[in-house]
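Number of protein chains: 2
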Amino acid sequence: MRISELSERSGVTIPTLKYYLREGLLHPGELQGATRATYDDSHLERLRLVRTLVDVGRLSIERVREVVRAIDAPPAGRHELLGAAHEALRPHPASGAPAPEALERLAALDLPECAHSPASLQLAEALTAAAAAGWSVEPETLARWLEAMRAVAETDVVAELGEVSPGEALRYAIVGNVLTDPVLLALRRVAQEAVSAERFGTGPTRSPG
Amino acid sequence: MRISELSERSGVTIPTLKYYLREGLLHPGELQGATRATYDDSHLERLRLVRTLVDVGRLSIERVREVVRAIDAPPAGRHELLGAAHEALRPHPASGAPAPEALERLAALDLPECAHSPASLQLAEALTAAAAAGWSVEPETLARWLEAMRAVAETDVVAELGEVSPGEALRYAIVGNVLTDPVLLALRRVAQEAVSAERFGTGPTRSPG
Numbered sequence: 000m001r002i003s004e005l006s007e008r009s010g011v012t013i014p015t016l017k018y019y020l021r022e023g024l025l026h027p028g029e030l031q032g033a034t035r036a037t038y039d040d041s042h043l044e045r046l047r048l049v050r051t052l053v054d055v056g057r058l059s060i061e062r063v064r065e066v067v068r069a070i071d072a073p074p075a076g077r078h079e080l081l082g083a084a085h086e087a088l089r090p091h092p093a094s095g096a097p098a099p100e101a102l103e104r105l106a107a108l109d110l111p112e113c114a115h116s117p118a119s120l121q122l123a124e125a126l127t128a129a130a131a132a133g134w135s136v137e138p139e140t141l142a143r144w145l146e147a148m149r150a151v152a153e154t155d156v157v158a159e160l161g162e163v164s165p166g167e168a169l170r171y172a173i174v175g176n177v178l179t180d181p182v183l184l185a186l187r188r189v190a191q192e193a194v195s196a197e198r199f200g201t202g203p204t205r206s207p208g
Numbered sequence: 000m001r002i003s004e005l006s007e008r009s010g011v012t013i014p015t016l017k018y019y020l021r022e023g024l025l026h027p028g029e030l031q032g033a034t035r036a037t038y039d040d041s042h043l044e045r046l047r048l049v050r051t052l053v054d055v056g057r058l059s060i061e062r063v064r065e066v067v068r069a070i071d072a073p074p075a076g077r078h079e080l081l082g083a084a085h086e087a088l089r090p091h092p093a094s095g096a097p098a099p100e101a102l103e104r105l106a107a108l109d110l111p112e113c114a115h116s117p118a119s120l121q122l123a124e125a126l127t128a129a130a131a132a133g134w135s136v137e138p139e140t141l142a143r144w145l146e147a148m149r150a151v152a153e154t155d156v157v158a159e160l161g162e163v164s165p166g167e168a169l170r171y172a173i174v175g176n177v178l179t180d181p182v183l184l185a186l187r188r189v190a191q192e193a194v195s196a197e198r199f200g201t202g203p204t205r206s207p208g
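Protein chains in written order, with numbering that gives the first Met the number 0: chain L, 0 to 208; chain H, 0 to 208.
Encoded structure:
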């Protein structure tokens, strides 16, 4: 298809398509002469990924470029794949390196597989930012939260990932996290309401406690 | 203290302080003549809140203004407080209203206290965005995630919130979610690594499955 049809079918404007092509987010079409190119379903699929990362994941263009490059040339090992997915999604921390206290907290969680991984770095950075703003997460709370998130991860890391190509496994891990992180955070709020209703009552006329 | 000392002690530049004053994020100091004002610890505390919301929560200036207004004039009921906190933190959805299917999914979760709350709207929006990008969360998965997030919420909604002022309870709910949402998401990644290592092995040389 021509770029005009690609634009119509993907809902992405032609100037944005040209921008994605220039920035390497979208692979070039097949050249038909000096100024014309044709595009196929692989371009539609890639655009769907890019829009998900931009619209839902709010990733920067630089991050999206890293993601599509990693998907096109994925690492070979399953565990390295997950590290690549996590690295692509790791937020840029507002402050610098994680505090030594945060790294000690991680060591206490006893996760030998995860030492120095992008995920543990992200955890150390999140704990450092919370502590810098005066919010400390108690060790027992952190352990309970890890247990809860382990139950979530049991549904995330599906057996089928052992059977698909590395690029597909990487895409699954990145898109899955981008699309369901907001679901989890919304579920946390919903659960807070349920617990608050039980503990403090629901109406403004009922006294707390 | 003068604005120069407020700037030094808060680490916020004078132009940014003036911007916050103009935008209503920071309450005015006490006027000492036509052009001078003095500031106190309440300004330092407010700046700490604003910086947390901007730097960690990545909230827009408009959202931060809504938060500080809500904290200065909080609703009276405990449950309304939580709704106000959740509304302040609810992301602007990329698409429009939630799909009817997403609202049905919520109804199936049997959370009568939360009907039409900002949290349930956020959940419906997150499910709608995921579905629009081709990712459907199975009902059993959603129920397991809710159970996991309920364990988290049990530690979030602390009994002490029944004893503090409404403004303080609101600040606690907002700052707590802003600072610990990133911790939870990082714990999810760390847990994914642990589960992946168990299911697929850790090294690139071991075969998956």
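Beta carbons: idealized from backbone N, C-alpha and C, even for Gly. On a predicted model such as this, the values are computed, not experimentally measured, just so you know.
Using a Cβ cut-off of 8 Å (strictly closer), state whether residue i contacts chain H.
i	result
Q31 of chain L	no
A185 of chain L	yes
Q191 of chain L	yes
A158 of chain L	yes
T15 of chain L	no
R104 of chain L	no
V67 of chain L	no
D180 of chain L	yes
A150 of chain L	yes
S116 of chain L	yes
P90 of chain L	yes
G10 of chain L	no
S42 of chain L	Per the sequence shown, the amino acid found at residue 42 of chain L is His instead of Ser. Judged by the 8 Å Cβ criterion, H42 of chain L is not in contact with chain H.
G175 of chain L	yes
R77 of chain L	yes
With DSSP as the reference, please indicate the residues paired to residue i in a beta bridge.
i	result
E215 of chain L	Past the edges of chain L, shown from 0 to 208, lies residue 215 of chain L, and the structure says nothing about it.
L30 of chain L	L:A36
Would residue i count as contacting chain L if we go by Cβ distances under 8 Å?
i	result
P138 of chain H	no
M0 of chain H	no
T127 of chain H	no
S195 of chain H	yes
D71 of chain H	no
L81 of chain H	yes
L122 of chain H	yes
T154 of chain H	yes
A147 of chain H	yes
R188 of chain H	yes
A132 of chain H	yes
S119 of chain H	yes
V49 of chain H	no
L58 of chain H	no
G28 of chain H	no
G161 of chain H	yes
L110 of chain H	yes
V63 of chain H	no
R143 of chain H	yes
R170 of chain H	no
By Cβ distance below 7 Å, which residues in the same chain neighbour residue i in space, the five residues on each side in sequence not counted?
i	result
S6 of chain L	T12, I13 and L16
L86 of chain H	For the sequence presented, residue 86 of chain H should be read as Glu rather than Leu. Answer for E86 of chain H: P117, listed in chain order.
E29 of chain H	A36 and T37
P27 of chain L	L20 and A36
R64 of chain H	E22, G23 and L24
R62 of chain L	A87
A75 of chain L	P165
Excluding the 5 residues preceding and the 5 following residue i in the sequence, name in chain order all residues of the same chain whose CB lies nearer than 8 Å to its CB.
i	result
A107 of chain L	P138
Q31 of chain L	T37
Y171 of chain H	L160 and V163
A130 of chain L	A98, E100 and A101
Give me, in chain order, the residues of the same chain whose beta-carbon lies closer than 6 Å to that of residue i; leave out the 5 immediate sequence neighbours on both sides.
i	result
G166 of chain H	I70 and P73
Y19 of chain L	L25
G161 of chain H	none
A101 of chain L	A123, L126 and T127
R45 of chain L	L25
L58 of chain L	L52
S41 of chain L	none
Assuming residue i and residue j make a contact with CB atoms under 8 Å, what is their CB distance in whole Å?
i	j	result
S9 of chain H	L43 of chain H	6 Å
R187 of chain H	A152 of chain L	6 Å
W144 of chain H	V174 of chain L	That belief does not hold up - the Cβ atoms of W144 of chain H and V174 of chain L are roughly 17 Å apart, past 8 Å.
Q191 of chain H	V66 of chain L	With a Cβ gap of about 17 Å, Q191 of chain H and V66 of chain L do not count as contacting.
A132 of chain H	T51 of chain L	4 Å
L81 of chain L	R104 of chain L	About 22 Å; that fails the 8 Å criterion.
V55 of chain L	V136 of chain H	Incorrect: roughly 14 Å between the Cβ atoms, too far for contact.
L110 of chain L	V189 of chain H	6 Å
A147 of chain H	A147 of chain L	4 Å
Q.
Taking contact to mean 3 or more Cβ pairs, one atom from each stretch, closer than 8 Å, check whether the region 117–125 of chain L and the region 90–105 of chain L are in contact.
A. Here the region 117–125 of chain L lies against the region 90–105 of chain L, with 3 or more beta-carbon pairs under 8 Å apart.
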